[in-house]
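Residue numbers for the sequence shown follow our numbering, so the first one is 86 and each next one is one higher.
Backbone N, C-alpha and C fix where the C-beta goes; we use that ideal spot for every residue, glycine too.
From a predicted model like this one, the values you see are computed outputs, not experimental measurements.
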Amino acid sequence: MTIRLPSSDGTLRTYDPRPEPFRAAAGTAFTSRTVFSAAHVVADPYADVSPDSPAAVDWDATLAFRRHLWAQGLGVAEAMDTAQRGMGLDWAGAAELIRRSAAEAKAVGGRLACGVGTDQITGGSLTDIRAAYEEQLAVVAESGAQAILMASRALAATATGPEDYQEIYGHLLRQSAEPVVLHWLGPMFDPALEGYWGSADLDTATEVFLEVIAAHPDKVDGIKISLLDARREVELRRRLPKGVRCYTGDDFHYPELIAGDERGFSHALLGIFDPLAPLAAQAVRHLDTGDVSGFHQLLDPTVELSRHLFQTPTRFYKTGVVLLAWLSGHQSHFTMVGGLQSARSLPHLARAYELADGLGLFPDPGLAEDRMKTLLALYGVPQ
């Protein structure tokens, strides 16, 4: 069997799909790293909605995908950027997602951390922003999940300097009953977050970020860094107070950051682990046994796919993630909330299929091939 795929230069190439998938061995919980996968949401394809409508979610398929991640041993990072938070999923939808996922996590014994932001408002005073964060923190606390304090578009627009970030985050950390994860999402993921922590200069912003953590180390479980800058992450991780973890959110350099060096390593909270779940879990179990070489042998070849999915404009990586979920049989359609299935070109999607198939990510390669051919046919690509 072969498939004809469009290239970026407008030509067609012939690709021979891999006949057998990667098969992960069953394993126990991880012992060397704490690993979360940020998870996507599955849209309801029958809903009569527009891109501007509140998200219509297929709850059964969405929760089934979370059970798939938990079954691999991964934790689930819920209602995050990967779930199209602020790109189709509003706060009302996110709150419902958090409640449903928390109930599911309790039922199956899965680990869950949930995003807390301010997306129920678009702007306002610092008091308004603090109240918005508090409202979302209460929902996550009531669910029993761990909170991830996400970067706020409203705060980025309102803050006049570092002191405003220190005031907001200091207040939230002081009142938090349990340690939280602080998330620094770079502007490559969300342009509205340019200049977060009070400065567009990353060195200056890093100092403010570290000051917030140092003032409340007992309230910070860890930090998630999504700046796609491995050097900066390593330097920052080495300066964290004892007991505060670094969760890499670097979808370009994650193998080297998770493996670490003689002075430490990063845990993981990654969107790319959504499509990579079985393979990523197997790789981490190599680390659990001290087999660093086996870890790299499995995970290093996945970086080409990750860099492809997260290429500029990076915020549209969710389109490739959902494509691969459909091709893998985790959902019955390639539809996204907000209509974001149209956010990437056909050559981009074709290359994503090719790279994922080469890694053996599709449990049923024949199904993936058939579905990819269906998508190609819709675009008029002859087979």
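Which complete beta strand (DSSP E) runs does the region 204–290 hold, if anything under 3 residues is left out?
231–234 and 265–270
Is it buried or exposed for residue 391, if we count other Cβ within 10 angstroms and need 16 for buried?
buried
When the Cα atoms are used, what is the spatial distance from residue 454 to residue 413?
10 Å
What's the gap between the Cα of residue 480 and the Cα of residue 467?
The requested residue 480 is not part of the displayed model; the chain covers only 86 to 468.
To which residues does DSSP link residue 346 through a beta bridge?
349
Of the residues 452, 253, 463 and 459, which one's Cα is nearest the Cα of residue 102?
452
Rounded to whole angstroms, what is the Cα-Cα separation between residue 357 and residue 121?
In a straight line, the C-alpha of residue 357 is about 10 Å away from that of residue 121.
Compare the beta carbon distance of residue 445 and residue 107 with 8 Å and say whether it is the shorter of the two.
If you check the CB distance, residue 445 and residue 107 come in under 8 Å.
According to DSSP, residues forming a beta bridge with residue 296:
DSSP output for residue 296 lists no bridge partner at all.
One question on the structure: do residue 214 and residue 243 come within less than 8 Å of each other, judged by their Cβ atoms?
Against a cut-off of 8 Å, the Cβ pair of residue 243 and residue 214 comes out as a contact.
From 233, 299, 179 and 287, pick the residue whose C-alpha is nearest to that of residue 318; which is it?
Among 233, 299, 179 and 287, the Cα nearest to that of residue 318 belongs to 287.
How do the region 381–390 and the region 139–146 stand: do at least 3 beta-carbon pairs fall below 8 Å, yes or no?
No, they do not touch.
Pull up the DSSP beta-bridge partners for residue 128, would you.
142
From 420, 366, 416 and 347, pick the residue whose C-alpha is nearest to that of residue 115; which is it?
366
Residue 397 by DSSP, collapsed to three states: which one?
coil
Would the beta-carbon of residue 157 fall within 8 Å of that of residue 362?
yes
Please report whether the beta-carbon of residue 237 lies at a distance below 8 Å from any beta-carbon of chain D.
Of the chains in the structure shown, none is chain D; there is only one protein chain.
Coil, strand or helix - residue 185 by DSSP
helix
Can you list, in chain order, the residues of its chain whose CB lies under 7 Å from that of residue 408, leaving out five sequence neighbours each side?
Excluding five sequence positions before and after residue 408, the CB atoms of its chain that fall closer than 7 Å to its own CB belong to 419, 434 and 437, given in chain order.
Drop a sphere of 10 angstroms on the beta-carbon of residue 474, count the other beta-carbons inside from all chains shown, and report buried for 16 or more, exposed for fewer.
Residue 474 cannot be examined here, being either before or after the span of the chain that is shown, 86 to 468.
Within a Cβ cutoff of 7 Å, which residues of the same chain sit near residue 359, ignoring the five residues on either side of it in sequence?
Excluding sequence neighbours, residue 359 sits near 122, 123, 124, 125, 167 and 406.
Reduced DSSP secondary structure (H/G/I, E/B, other) of residue 99
Taken through DSSP and simplified to helix, strand or coil, residue 99 comes out as strand.
Can you name the start and end residues of the alpha helix (DSSP H) that residue 442 belongs to?
The continuous alpha helix (DSSP H) containing residue 442 extends over residues 431–443.
Distance between beta carbons of residue 421 and residue 404, contact taken as under 8 Å
Right, their Cβ atoms sit about 7 Å apart.
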